[in-house]
Amino acid sequence: MMISLNDYLYSGDTVLKILKKYTRDLQISAEKHQNEVDLIHSRFLKRTSDLLEHNDFLTAQSQKIREFYKYMAKEYAHLSFTFKGRIKSLIRAETKFNGYIVEFIYDYYIEHGVYPPLEELIKKLEGFRDLIAYRIVISMPKCHIRDDGEREKEEIRNLYAIANVMKDFLEKQGFRAEPAFGVKESASPLLNDSVRPYYRDYICHAKPDGYRSLHITFFDDSAKFYMEMQLRTKEMDDIAEIGSANHLGYEKRQQIERNRRDAVPEGENIYFDEAYERIRKLQELELAKVDVNMFSAADNSLINDGCGLYRGRLILPYEHLSRFQNDLID
21 MMISLNDYLY SGDTVLKILK KYTRDLQISA EKHQNEVDLI HSRFLKRTSD LLEHNDFLTA
81 QSQKIREFYK YMAKEYAHLS FTFKGRIKSL IRAETKFNGY IVEFIYDYYI EHGVYPPLEE
141 LIKKLEGFRD LIAYRIVISM PKCHIRDDGE REKEEIRNLY AIANVMKDFL EKQGFRAEPA
201 FGVKESASPL LNDSVRPYYR DYICHAKPDG YRSLHITFFD DSAKFYMEMQ LRTKEMDDIA
261 EIGSANHLGY EKRQQIERNR RDAVPEGENI YFDEAYERIR KLQELELAKV DVNMFSAADN
321 SLINDGCGLY RGRLILPYEH LSRFQNDLID
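Heads up: the sequence shown begins at 21 in the working numbering, then just goes up one per residue.
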């Protein structure tokens, strides 16, 4: 019988206890049935619980990130911007991990007509590196540039300028940038050649749902953990959080999942079948009925998440308001 996270969400336990029980039982099942993908899955869950249980390093990490915030406040005083950090929530991490399995097997099967070798699937799953992510969102206030088109161009120019200096700055703070290996490689002339290999550019390669952002992954040498930095304009962030890349694209994303299920015959690939079923069960959760300590929901929209089950745990909230924006009047 397949083990899924849903089986543990009605006990009244804390997220950490749920995570540990799920991880333990998944590992036992994986060893019993010699399921190498579930072994990778259980190790991924163990890394998640390590973040929740032993997160003293986050204080030191946040202080290092704060140095870049102070740099930007000095060098980009005309911009408004926010720095936010989060640990990916348990439900979203579990959904994304299984989503990697479904997407990779489907894409490989459609292209080659056969299922991917196990070693290639495992290699794909070991590339999951955004459990910790920091986001920088910038905005050019209208008091500086009235024209919408010109203001957007200036915001994007500033975004790439920040990307050009961030890699070297954070490496001096003890982080090490990880190459993107050509994934979503930027074609923008605004991005310097010296940093181009490290960024995944979802501005040049916008997703069908409108999602745009710059992503770069760092390894924290002191914490021995990966983290992702995301750079967006306010408009890009709105699209991702409250626009087409979020709510309006939900039904379309579900249809894509159903199409993948139709394309891969049930029973032919156990890894696809189990990952798809885990995603389906999470999508059908009635959050108001979930019983997890420090979590409550009136329905699937009105949620009070004090534990990182659904929305994630906030690490870092910094906000800089543009200078002079309140000094100019018409």
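Note that beta-carbon positions come from the ideal geometry of N, C-alpha and C, so glycine has one too.
Check                                                                                                                                                                                 : Outcome
May I ask you to verify whether the region 67-80 touches the region 314-321, counting CB pairs closer than 8 angstroms and requiring at least 3?                                      : no
Please state whether DSSP places residue 132 in a helix, a strand or coil.                                                                                                            : helix
May I ask you to report which of helix, strand or coil DSSP gives residue 104?                                                                                                        : strand
Would you say residue 81 and residue 243 are within 8 angstroms of each other, going by their C-beta atoms?                                                                           : yes
When DSSP labels each residue in this structure, what does residue 177 get in the three-state scheme?                                                                                 : helix
Where are the alpha helix (DSSP H) runs, 4 residues long or more, that stay fully inside the region 59-103, in chain order?                                                           : 77-95
For residue 306, I'd like the list of residues in its chain whose CB is within less than 6 angstroms of its CB, leaving aside the five on either flank, ordered along the chain.      : none
So residue 157 and residue 257 are in contact, right, with Cβ under 8 angstroms, and what is the actual spacing, rounded?                                                             : 5 angstroms
Classify residue 235 as helix, strand or coil using the three-state DSSP reduction.                                                                                                   : strand
Once DSSP output is grouped into helix, strand and coil, what is the label at residue 28?                                                                                             : helix
Excluding the five sequence neighbours on either side, which residues of its own chain have a C-beta within less than 6 angstroms of the C-beta of residue 57, listed in chain order? : 291
Output yes or no for whether 8 angstroms exceeds the beta carbon distance between residue 109 and residue 328.                                                                        : yes
Which residue's Cα is closest to the Cα of residue 340: 102, 67 and 51?                                                                                                               : 102
Taking the alpha-carbon positions, what's the residue 246 to residue 167 distance?                                                                                                    : 39 angstroms
So residue 233 and residue 251 are supposed to be a Cβ contact under 8 angstroms. How far apart are they, rounded?                                                                    : 7 angstroms
Is residue 34 helix, strand or coil when you go by DSSP?                                                                                                                              : coil
For residue 201, which of 333, 237, 332 and 334 has the nearest alpha-carbon?                                                                                                         : 237
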